[in-house]
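*Asks:* Take a look at this one; I'll ask things after.
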Amino acid sequence: FMIDPALLGFSSCSLNELQGGDSRLNASILRQVFSGRPGALADALILNAGAAVWIFGNASTLEEGIQIARMTLKEGKAMNVLEKWVALSKQFTTQRKQ
Numbered sequence: 048f049m050i051d052p053a054l055l056g057f058s059s060c061s062l063n064e065l066q067g068g069d070s071r072l073n074a075s076i077l078r079q080v081f082s083g084r085p086g087a088l089a090d091a092l093i094l095n096a097g098a099a100v101w102i103f104g105n106a107s108t109l110e111e112g113i114q115i116a117r118m119t120l121k122e123g124k125a126m127n128v129l130e131k132w133v134a135l136s137k138q139f140t141t142q143r144k145q
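48 is the number of the first residue of the sequence shown in this note's numbering; add one for each residue after it.
Put into structure tokens, the structure is as follows:
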């Protein structure tokens with residue numbers, strides 16, 4: 048199964064545009080994408096999330112899965128989940144130190 052991102056409305060990019068870094072940089076990048084920053088990383092996230100939505104049966108087509116992923120980002124739902132995970136992680140870390 049081959050996917051051509053251009054046929055799905057995504058711009059082409061270089062591998063350098065998809066490169067992350069250490070954990071702090073990657074966390075910063077993820078927050079930027081979840082906050083609505085457009086670009087190659089956002090496109091990659093949307094395409095992969097859309098494919099996951101489709102594969103797991105929550106969309107009837109890949110295109111519909113991509114639309115769901117876009118709306119999830121746009122509506123701030125992805126950021127809300129991330130913030131809950133961060134809070135839970137901090138709570139767990141605090142409890143372990145006690």
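Glycine included, every Cβ here is placed at the ideal spot set by N, Cα and C.
Treat the numbers as computed from the prediction; the structure is a model and nothing was measured.
Which residue's Cα is closest to the Cα of Phe42: Arg117, Ala106 and Val100?
*Replies:* Summary: the structure shown does not reach residue 42, with the chain confined to residues 48 through 145, and so no result is reported for it.
*Asks:* Apply the 10 Å Cβ neighbour rule to Gly67 and answer buried if 16 or more other Cβ atoms are within range, or exposed otherwise.
*Replies:* Start at 1 with the first residue of the sequence shown, and residue 67 comes out as number 20. By the 10 Å Cβ count, Gly67 comes out exposed.
*Asks:* How big is the Cα-Cα spacing for Lys131 and Met49?
*Replies:* Counting from 1 along the sequence shown, the entry for residue 131 is found at position 84. Counting from 1 along the sequence shown, the entry for residue 49 is found at position 2. The alpha-carbon atoms of Lys131 and Met49 are separated by roughly 35 angstroms.
*Asks:* Under 8 angstroms between the Cβ atoms of Leu120 and Ile102?
*Replies:* Start at 1 with the first residue of the sequence shown, and residue 120 comes out as number 73. Start at 1 with the first residue of the sequence shown, and residue 102 comes out as number 55. Taking 8 angstroms as the Cβ cut-off, Leu120 and Ile102 do not qualify as a contacting pair.
*Asks:* Would you call the CB atoms of Ala74 and Val80 closer than 8 angstroms?
*Replies:* Reading the sequence shown from its first residue, position 27 is the one you call residue 74. Reading the sequence shown from its first residue, position 33 is the one you call residue 80. For Ala74 and Val80, no; Cβs fall outside 8 angstroms.
*Asks:* Taking the alpha-carbon of Glu64 as reference, which of Leu135, Gly83 and Ala91 has the nearest alpha-carbon?
*Replies:* As a position in the sequence shown, residue 64 is number 17, starting the count at 1. That would be Ala91, whose Cα lies nearest to the Cα of Glu64.
*Asks:* Is Pro85 helix, strand or coil by DSSP?
*Replies:* As a working note, residue 85 is residue 38 in the sequence shown. Of the three classes helix, strand and coil, the one that applies to Pro85 here is coil, per DSSP.
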